[in-house]
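Remarks on the structure that follows.
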Amino acid sequence: MLDNLLSSKTATDSYVNFAKKVFLALQHMIAMFGATVLVPLLTGFDVSTTLFCAGVGTLIFHLCTKKKVPVFLGSSFAFIPAIQTVYENYHSLSYAQGGIIVAGFFYVLLSLIINKIGVSKVTKYFPPQVVGPMIIVIGLNMVPTALNMASSNYLVAVITLLVAIITSRKGKGFIKQIAIIISVFVGYLISLKIGIVDLSPIQEASILSMPKFQAPKFDLGAIITIAPIILAVFMEHIGDITTNSAVVGEDFMKDPGLNRTLLGDGLATMFAGFVGGPANTTYGENTGILAITKNYDPSILRLAAVFAIVLSTVGKIGGFLQTIPQSVMGGISIMLFSMIALVGVKTLKNSHIDFNLKNIIIIAVIIIIGLGPNFGLNLEIQITDTIKLSGLALSAIVGVIINIILTKIENKLK
119 MLDNLLSSKT ATDSYVNFAK KVFLALQHMI AMFGATVLVP LLTGFDVSTT LFCAGVGTLI
179 FHLCTKKKVP VFLGSSFAFI PAIQTVYENY HSLSYAQGGI IVAGFFYVLL SLIINKIGVS
239 KVTKYFPPQV VGPMIIVIGL NMVPTALNMA SSNYLVAVIT LLVAIITSRK GKGFIKQIAI
299 IISVFVGYLI SLKIGIVDLS PIQEASILSM PKFQAPKFDL GAIITIAPII LAVFMEHIGD
359 ITTNSAVVGE DFMKDPGLNR TLLGDGLATM FAGFVGGPAN TTYGENTGIL AITKNYDPSI
419 LRLAAVFAIV LSTVGKIGGF LQTIPQSVMG GISIMLFSMI ALVGVKTLKN SHIDFNLKNI
479 IIIAVIIIIG LGPNFGLNLE IQITDTIKLS GLALSAIVGV IINIILTKIE NKLK
């Protein structure tokens, strides 16, 4: 079974041996680790269970998408406020799990609907002038988080970033592909030298630390609080898959299809809810690594998923990864997220769209609404007392609507 999951039909397998895959997979795991464990730390879910869910969820996603899409699923930040609200009201995360399961189920239903009506009827509403700025917003929206992480020690962050840039630009062959691991290693050594590494997580961690599974509970109030978040994460999902497609050079919205990526995301989220973890989502950090390494072999992401599952049971390894200073991960993240934004710029450039008034308006609206919260412009639509559409989700919806309206006006004027 494991051999089947790790196998891939891409040409890359002919050139990358297993030892190299291990390094590349470790690189992907390190990239996702910081953000994935932050969600349980903020919500109260068990860290080991969260890592286990991320690994299994990624394998579920790959099975649903015919093992074609190089994606890693980690903990979703979009659900954090709702999970915290449910916990405050019910004093138990089990009710949040119930809401997460229902949210994942709606994702599955949505995938079935798209499969019925056809992916093309959905993707036609996402031309380059909509997709390009959406990708730019995804990348730039995460840069402030990276800068905040780097602020704990700018010197270490800058050195880590420079090593990553130089290695990815000047490195040759396999060295270039593991630029992230090399830069993290250098940043870690410097951090040890100047005494900013807290080794207590390694000392306190047990050798084996099995995930703490717990059953969900269902309550209508908790479900109503959490389930509407799919309105936002659906648009984020489209943005992530289009970003991944742009990086790899394949249209994953068509093959294996948006219906299959949604199905994988939904089933992975449902699985997490059933065993005691937060909702899953595709991770921009790992897409950034794809853009840097130019190695798009999906089996490497599946190997990273296996490592995440193993990591969830070995406390010492998890403890070591927790000792990596935030400044090191901040320096790396600046590069990863900037690469995503650059992919959006390239999407606009390579599509050869006309930069006429219509397209400029669409691009500007998406970027202004999407990046507005970072500059005090908080445009939002309130759905419930705790759920609102803003940022990327709102900018994508408004961008799609404006594109439809302006295109119809343009056609009438011709």
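Start counting the sequence shown at 119; every next residue gets the next number (my numbering). We put the CB at the ideal spot given by N, CA and C, even for glycine.
Item	Value
7 Å CB neighbourhood of residue 151 in its chain, flanking five on each side removed	439
Unbroken alpha helix (DSSP H) run spanning residue 528, endpoints	509–531
Outcome for residue 370 when other beta-carbon atoms lying within 10 angstroms are tallied against a minimum of 16	buried
Among 280, 420, 352 and 387, the one whose alpha carbon lies nearest that of residue 216	387
Rounded C-alpha distance that separates residue 336 from residue 213	6 Å
Residue 377 - partner residues in DSSP beta bridges	Paired residues: none, contrary to the question.
Three or more C-beta pairs below 8 Å linking the region 416–436 and the region 241–252	no
Buried/exposed call for residue 472, threshold 16 Cβ in 10 Å	exposed
Euclidean distance between Cα positions of residue 448 and residue 403	11 Å
Under the three-state DSSP convention, the category residue 418 falls into	helix
Own chain residues within Cβ distance below 8 Å of residue 483, not counting five before or after	513, 516, 517 and 520
Span of the alpha helix (DSSP H) around residue 210	Looking at the DSSP string, residue 210 is not in any alpha helix (DSSP H), and its letter there is neither H nor E.
Residue 166 beta carbon less than 8 Å from that of residue 430	yes
Outcome for residue 137 when other beta-carbon atoms lying within 10 angstroms are tallied against a minimum of 16	exposed
DSSP three-state assignment for residue 326, whether helix, strand or coil	strand
Whole beta strand (DSSP E) elements within the region 329–355, 3-residue minimum	none
The region 176–193 touching the region 393–411, judged by at least three CB pairs closer than 8 Å	yes
Where residue 236 falls: helix, strand or coil (DSSP)	coil
Between the CA atoms of residue 465 and residue 205 - distance to the nearest angstrom	41 Å
Residue 191 - partner residues in DSSP beta bridges	400
Every unbroken beta strand (DSSP E) within the region 131–189, with a cutoff of 3 residues, ordered by chain	none
Residue from 161, 135, 170 and 153 whose Cα sits closest to the Cα of residue 393	170
CA-to-CA distance, residue 230 to residue 279, given in whole angstroms	43 Å
Reference residue 263, options 524, 450 and 462, closest by Cα	450
Burial state of residue 316 (16 or more Cβ within 10 Å)	exposed
Among 389, 408, 219 and 309, nearest to residue 364 - alpha-carbon criterion	408
Spatial neighbours of residue 385 in its chain, beta-carbon cut-off 6 Å, leaving aside the 5 residues before and after	178
Proximity winner among 486, 530, 529 and 416, relative to residue 176 (alpha-carbon distances)	416
Candidates 493, 383 and 259, of which the one nearest residue 511 by Cα	259
Contact set for residue 143: own chain, Cβ-Cβ below 7 Å, skip 5 residues either direction	418, 421, 422 and 425
Uninterrupted beta strand (DSSP E) stretches inside the region 430–499 (no shorter than 3 residues)	none
Cβ neighbours of residue 477 in the same chain (closer than 8 Å, five flanking residues each side left out)	247 and 471
Simplified DSSP assignment, three categories, for residue 292	helix
Three-state secondary structure assigned by DSSP to residue 257	helix
Assumed close pair residue 274, residue 446 - CB separation to whole angstroms, cut-off 8 Å	6 Å
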